[in-house]
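Asks: Sharing a structure below in structure tokens format, with a few things to ask.
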Amino acid sequence: MNTTLLFFALLVPVSGFIAWAGDKIGHVIGKRRHSLFGLRPRHTATLITILSGVGITAASFGAMFFSSESFRDVVQRGSQLRRENEQLSEQIRQSGQRVRLLQSDATRADQERQKTEKARDEAALRRTEAEGKFVTATKSLAQAEAALTAEKGHLGRTQGSLEAAQRQVTLARSAVDDARLRRERAEAAAKLVEGRLATARGEAKRAQILADRATSEFNLVVQEQKRRLEGQRSELEKLGGRVTEQTQRLSEQQRTLEMQEGQAALQKQEVARLATELEQLEKQRKELEKRRDEAQESVNDVFKITVALRNGQISYRVGEEVARLSVATGNEWKVHNILEGLLTTASRQAERRGARTAPGAIRSVWIPDRRIADDRGKLQTLDEVSAIHTAALNISKSKEEVVVVVTALGNAVVGEPVPVDIRTWRNPLILTAGQSLGELTLDGNKPGAEIADRLYNFLRGEVRKKLLDAGTIPIGELGQQSVGETSMDTLLKALDSVRAIHARARVTVRAAKDLRAADPVALEFEVKPLEPPIVTIPPGLR
């Protein structure tokens, strides 16, 4: 089995094991609170976690290095293998050029062979034409011999006639002259036929000579082409064998190079992944250090606040209301003075709870600087003066009454100034006198404590939610905000009314007066029976 592939196949689970083992070791070391080189236990656990992960990774890499020869070759001879790869690529390119040259030679030889075949076809065509002419001449000769035979027969007949005519010369002198004329004509025709026959024989001999010459030339050309083709074929076979052998060697070298390149690519990917992981770990380390510092600061703050709480030295908790005031719209400077007066009032109330004015300050409450973005997205620092000015400007532009609430931005310790923030609320009319806020059915026969608990939970739940939904400005700390308190006399009167009915009663909670968002909540209770009361008759009156 390929050890390198096995290494990379086991790399992912080994990496998971490294992460788990490093975390486990760091966790154990952290719980035991060991310390090395004077470091804190948290830093010692982090250092041991990192060293454990590095050690396990180094051990895995060393095991692979000493167990796989191919892996050692890739690690130790990477650059040399690359140079050999380049040399083999150059040899492949030169072999390809030689193959292309041989292919061009073979193409030229094939073209010459085609030319030779074309010449052979032309010679065969000329031979066919000569044979045709020879056949024609032979036919002409046969016709001439037939004509000569006919003339000879005719001459024999003429000679017989001449002999008869000579015997009858005296009888037909005119027949003798006629026979002489015919003989002369026959002799002329015989000479003409003999001339034609000689001419035909000469043409046949010339045609035969041409055909023999063309055949011999064709045979010579074909033999020469065969010899050249045989030589080229043998050379091509030799070159083909060399090319095949070279191709096989190149294929083997290519497969080796591809395997080496794959291994190198995998190693590069692994190195890149490890570098990325190292970078991420470095970022995580910096982030953890930053979080550690922030957590340490938070712990210090919590410790400080805890100590203050134990000693009863917390003047205000975060989100707790310090002071509030309804401000009517008007001139910006007038509103600005009102806000300054509100901060002065908040300072006095804070001083009553133990807050103190910082050296160089004029109040025991102060608005911390903060950075906000302007209309163009540029960050600007907003100090206390700018915050008051901005709030005064916004309130002066409002068309209705605004409630300004001063709340604590953080937990304040007795003896220190209180950091605050100014929040503005609209102060519209949210409830009218007599408006219902909810109904609850209570049983007047139940114990008084149970009736009181149900009424209290109803007020803390449904009634409080309806008041907040209507727009009542909450009072108190964040997460523990209330909408006000109902007087104990009003609650006791409602409970007495329910118990006096001695039956199931409907309790309707209504607004006692018109309420605005910033007004203290004033409630009234309407109690009505749902069924006739149960009257118990003493036994003596029955």
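Going by the numbering used here, the letters in the sequence shown line up with residues 61 to 602, in that order. Ideal placement from N, C-alpha and C gives every residue a C-beta, glycine not left out. These numbers were taken from a predicted model, which means no experiment stands behind them.
Consult DSSP for Gln440 and reduce its assignment to one of helix, strand or coil.
Replies: The residue you call residue 440 lines up with position 380 of the sequence shown. Looking at Gln440 - three-state DSSP - the assignment turns out to be strand.
Asks: Which residues does DSSP pair with Leu502 in a beta bridge?
Replies: Residue mapping note: residue 502 aligns to position 442 of the sequence shown, counting from 1. Answer is Ala565.
Asks: Say whether the region 343–352 touches the region 441–452, bearing in mind that this needs 3 or more beta-carbon pairs closer than 8 Å, one atom from each stretch.
Replies: no
Asks: Does the region 502–509 come into contact with the region 472–481, if we say contact requires no fewer than three beta-carbon pairs (one atom in each stretch) closer than 8 Å?
Replies: In short, these stretches do not touch, since the Cβ pair count stays below three.
Asks: Does DSSP put Lys459 in a helix, in a strand, or in coil?
Replies: The residue given as residue 459 occupies position 399 in the sequence shown. The answer is coil: DSSP assigns Lys459 none of H, G, I, E or B.
Asks: Reducing DSSP to helix, strand and coil, say where Glu330 ends up.
Replies: Counting from one through the sequence shown, the residue named residue 330 turns up at place 270. If DSSP states are grouped into helix, strand and coil, Glu330 belongs with the helices.
Asks: For the region 339–348 against the region 429–445, do three or more pairs of beta-carbon atoms, one drawn from each stretch, fall closer than 8 Å, so that the two count as touching?
Replies: no
Asks: Kindly indicate which three-state DSSP category Gln293 falls into: helix, strand or coil?
Replies: Within the sequence shown, the letter at position 233 stands for residue 293. At residue 293 the sequence reads Arg, which differs from the Gln that was named. If DSSP states are grouped into helix, strand and coil, Arg293 belongs with the helices.
Asks: Going by other Cβ atoms of all chains shown within 10 Å of its Cβ, with 16 needed for buried, is Gln163 buried or exposed?
Replies: For the purposes of this step, residue 163 is taken as the residue at position 103 of the sequence shown. The residue is exposed, with fewer than 16 neighbouring Cβ atoms inside 10 Å.
Asks: What residue range is occupied by the uninterrupted alpha helix (DSSP H) comprising Asp513?
Replies: As a working note, residue 513 is residue 453 in the sequence shown. First-last of the alpha helix (DSSP H) with Asp513: 508–518.
Asks: What runs of the alpha helix (DSSP H), each 4 residues or longer, lie entirely inside the region 121–169?
Replies: 129–136
Asks: Would you call Tyr516 buried or exposed, if buried means 16 or more other Cβ atoms sit within 10 Å of its Cβ?
Replies: Looking up residue 516 in the sequence shown gives position 456. Exposed is the call here.
Asks: When DSSP builds the beta bridges, which residues end up paired with Ile108?
Replies: Counted from its first residue, the sequence shown places residue 108 at position 48. According to DSSP, Ile108 bridges with nothing at all.
Asks: Relative to the C-alpha of Asp170, which residue among Glu290, Ala410, Val395 is closest?
Replies: Indexing the sequence shown from 1 puts residue 170 at position 110. Comparing Cα positions, the closest option is Glu290.
Asks: Does the region 124–138 come within contact of the region 301–308, defined as at least 3 CB pairs closer than 8 Å?
Replies: Here the region 124–138 does not lie against the region 301–308, with fewer than 3 beta-carbon pairs under 8 Å apart.
Asks: Could you check if Gly113 is buried or exposed, using at least 16 other CB atoms within 10 Å of its CB as the buried criterion?
Replies: Taking the first residue of the sequence shown as 1, we reach residue 113 at position 53. Looking at its Cβ environment, which holds 16 or more other Cβ atoms inside 10 Å, Gly113 is buried.
Asks: Please determine, among Phe97, Leu141, Leu528, Arg576, the residue with the shortest C-alpha to C-alpha distance to Met319.
Replies: What you label residue 319 is simply residue 259 of the sequence shown in a count that begins at 1. Ranking the options by Cα distance to Met319, first place goes to Leu141.
Asks: Between the Cα of Val77 and the Cα atoms of Lys553, Arg92, Ser120, Leu99, which residue gives the shortest distance?
Replies: As a position in the sequence shown, residue 77 is number 17, starting the count at 1. Inspection of the sequence shows that residue 77 is occupied by Phe rather than by Val. It is Ser120 whose Cα lies nearest to the Cα of Phe77.
Asks: What's the C-alpha gap between Gly262 and Lys178?
Replies: On the sequence shown, residue 262 is found 202 positions in, with the first residue counted as 1. On the sequence shown, residue 178 is found 118 positions in, with the first residue counted as 1. Rounded to whole angstroms, Gly262 to Lys178 spans 30 Å at the Cα level.
Asks: Go ahead and label Asp579 buried or exposed: buried means 16 or more other beta carbons lie within 10 angstroms of its beta carbon, across all protein chains shown.
Replies: Counted from its first residue, the sequence shown places residue 579 at position 519. So Asp579 ends up on the buried side.
Asks: With distance defined between alpha-carbon atoms, name the residue in His87, Gly115, Ala118, Thr117 nearest to Ala105.
Replies: As a position in the sequence shown, residue 105 is number 45, starting the count at 1. For the options His87, Gly115, Ala118, Thr117, the alpha carbon positioned closest to that of Ala105 is the one of His87.
Asks: Rounded to a whole number of angstroms, what is the C-alpha to C-alpha distance between Leu338 and Gln151?
Replies: The count along the sequence shown starts at 1 and reaches residue 338 at position 278. The count along the sequence shown starts at 1 and reaches residue 151 at position 91. Roughly 42 Å between the two C-alpha positions.
Asks: When the Cα of Gly531 is compared with those of Arg570, Met548, Arg559, Val581, which residue comes out closest?
Replies: For the purposes of this step, residue 531 is taken as the residue at position 471 of the sequence shown. Among Arg570, Met548, Arg559, Val581, the Cα nearest to that of Gly531 belongs to Val581.
Asks: Locate the alpha helix (DSSP H) running through Arg412, then write down its first and last residues.
Replies: Working through the sequence shown from its first residue, we reach residue 412 at position 352. Run containing Arg412: 392–412, per the alpha helix (DSSP H) assignment.
Asks: Report yes if the C-beta distance between Leu528 and Ala565 is below 8 Å; otherwise report no.
Replies: For the purposes of this step, residue 528 is identified with residue 468 of the sequence shown, where counting begins at 1. For the purposes of this step, residue 565 is identified with residue 505 of the sequence shown, where counting begins at 1. Not closer than 8 Å, so no.
Asks: Specify, as a first and last residue, the run of the beta strand (DSSP E) that Leu99 falls within.
Replies: If you number the sequence shown from 1, residue 99 lands on position 39. In the DSSP assignment, Leu99 falls outside any beta strand (DSSP E), carrying neither H nor E.
Asks: Leaving out five residues before and five after Gln423 in sequence, what residues of the same chain have Cβ atoms less than 7 Å from its Cβ?
Replies: Along the sequence shown, read from residue 1 onward, the residue named residue 423 stands at position 363. Reading the sequence as shown, one finds Arg at residue 423 and not Gln. Once the five neighbours on either side are set aside, the close Cβ partners of Arg423 are Leu403, Thr404, Ser407, Thr417.
Asks: Would you mind giving the Cβ-Cβ distance between Ser496 and Arg570, rounded to the nearest angstrom? I have them listed as a contact below 8 Å.
Replies: Locating residue 496 in the sequence shown gives position 436, counting from the first residue. Locating residue 570 in the sequence shown gives position 510, counting from the first residue. Going by Cβ atoms, the distance from Ser496 to Arg570 rounds to 5 Å, so yes, they are a contact pair.
Asks: Measure the alpha-carbon distance for Thr336 versus Glu321 and round it to whole angstroms.
Replies: Mapped onto the sequence shown, residue 336 falls at position 276. Mapped onto the sequence shown, residue 321 falls at position 261. So the two alpha carbons sit approximately 22 Å from each other.
Asks: For Val134, count neighbouring Cβ atoms within 10 angstroms of its own Cβ and tell me buried if that reaches 16, exposed if not.
Replies: The residue you call residue 134 lines up with position 74 of the sequence shown. With 16 or more Cβ atoms within 10 Å of its Cβ, Val134 is classed as buried.
Asks: Can you tell me the Cα-Cα spacing of Ala563 and Lys588, whole angstroms?
Replies: Stepping through the sequence shown from its first residue, residue 563 is reached at position 503. Stepping through the sequence shown from its first residue, residue 588 is reached at position 528. Approximately 10 Å between the Cα atoms of the pair.
Asks: Cα-Cα, which of Arg520, Pro477, Arg132 is closest to Gln323?
Replies: In the sequence shown, the residue the question calls residue 323 occupies position 263. Measuring from the Cα of Gln323, the nearest candidate turns out to be Arg132.
Asks: Since Val387 and Val395 should fall inside the 8 Å C-beta cutoff, what is the C-beta to C-beta distance between them, to a whole number of angstroms?
Replies: In the sequence shown, counting from the first residue as 1, residue 387 sits at position 327. In the sequence shown, counting from the first residue as 1, residue 395 sits at position 335. A Cβ-Cβ separation of about 6 Å places Val387 in contact with Val395 under the 8 Å criterion.
Asks: Tell me which residue opens and which closes the alpha helix (DSSP H) that Asp603 is part of.
Replies: The requested residue 603 is not part of the displayed model; the chain covers only 61 to 602.
Asks: If you check the beta carbons only, do Asn487 and Ile374 fall under 8 Å apart?
Replies: By 1-based counting over the sequence shown, the position of residue 487 is 427. By 1-based counting over the sequence shown, the position of residue 374 is 314. The answer is no: Cβ separation not under 8 Å.
Asks: Under 7 Å Cβ to Cβ from Gln327, same chain only, skipping five residues before and after it: list those, please.
Replies: For this step, residue 327 is matched to residue 267 along the sequence shown. So the qualifying residues of the chain are Val134.
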